[in-house]
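Okay, structure first, notes after.
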């Protein structure tokens, strides 16, 4: 879930929900990176299959990886359907670079703001970690959809690819400048509100005195870089 988060509240109930959710999508494979504290939860599972090529046990379509993941190499896989993360900046940026949709489970202020950016751009969905059992299955279904075939991408995938194409147009990706443009577009006029309500669609909605639709922000960003 990122490099800076250790969530001690991830109970056996949460773990069981994660496993049961992943097992429903038998055409997909799921890689779960585990820290030492979670190894005991994995051992509660029965009928382990033979170890996969990654270092760790597997359980049906779920592969538990005990070592550090090469995130850049992992996200570059062409058949990757999505990435579940707390939303720390490194993970968030790398996912945008390669056009991978997200499920975000934020904890810190920065992670929560990245989650709002992802919702605004409609490249991901957000799970409240205190409501994991209720919200996680819905988030996975929203990301993968009823059709598990990777040749039928959902809206998140299409939008993530759009963002990747925009970032690729400019020298060095300029992702920092791009994210600053998006952040500026979604700032609430009331400075006391930490997380303003944001549209999660690309529709051309009116924005007098409100928040610009993301399609307008994209056009403005592209034009500013081309001039």
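Numbering (the numbering used here), first residue to last: 547 to 773. Glycine is no exception: its CB is placed at the ideal position from the N, C-alpha and C atoms. All values derive from a computational prediction rather than experimental measurement.
Here DSSP, grouped into helix, strand and coil, assigns residue 605 to strand. Residue nearest to residue 668 within the set 700, 568, 632 and 561 is 700 (criterion: CA-CA distance). 8 angstroms or more divides the Cβ of residue 721 from the Cβ of residue 666. At the C-beta level, residue 626 and residue 640 stay beyond 8 angstroms of one another. The alpha carbon of residue 567 has as its nearest neighbour, out of 730, 724, 726 and 678, the alpha carbon of 678.
Rounded to the nearest whole angstrom, the C-alpha separation of residue 608 and residue 560 is 15 angstroms. Rounded to whole angstroms, the gap between the alpha carbons of residue 575 and residue 704 is 21 angstroms. When secondary structure is reduced to three states using DSSP, residue 565 falls in the helix class.
Judged by beta-carbon spacing, residue 670 lies beyond the 8 angstroms limit of residue 684, meaning their Cβ atoms are not closer than that value. Spatial neighbours of residue 572 in its own chain (CB-CB distance under 7 angstroms, excluding positions within 5 residues in sequence) are listed in chain order as 607.
Boundaries of the beta strand (DSSP E) around residue 649: 648-650. The Cβ atoms of residue 660 and residue 638 lie closer than 8 angstroms to each other. C-alpha of residue 723 to C-alpha of residue 730: approximately 11 angstroms in a straight line. In this structure, the straight-line span from the alpha carbon of residue 691 to that of residue 672 is close to 16 angstroms.
Rounded to the nearest whole angstrom, the CA to CA distance from residue 727 to residue 614 is 33 angstroms.
Counting other Cβ atoms within 10 Å of its Cβ, residue 579 reaches 16 or more and is therefore classed as buried. Cβ neighbours of residue 688 within its own chain (closer than 7 angstroms, five residues either side excluded): 671. For residue 721, the three-state secondary structure derived from DSSP is helix. In the DSSP annotation of this structure, the continuous segment of the beta strand (DSSP E) that includes residue 578 starts and ends at 576-579. Judged by DSSP in its simplified three-state form, residue 560 adopts helix. Here residue 679 carries a helix assignment [DSSP, helix/strand/coil]. Per DSSP, residue 630 is one residue of the beta strand (DSSP E) stretching across 629-631. In the DSSP assignment, residue 670 is bridged to 648.
Between residue 647 and residue 702, the gap from beta carbon to beta carbon is short of 8 angstroms.
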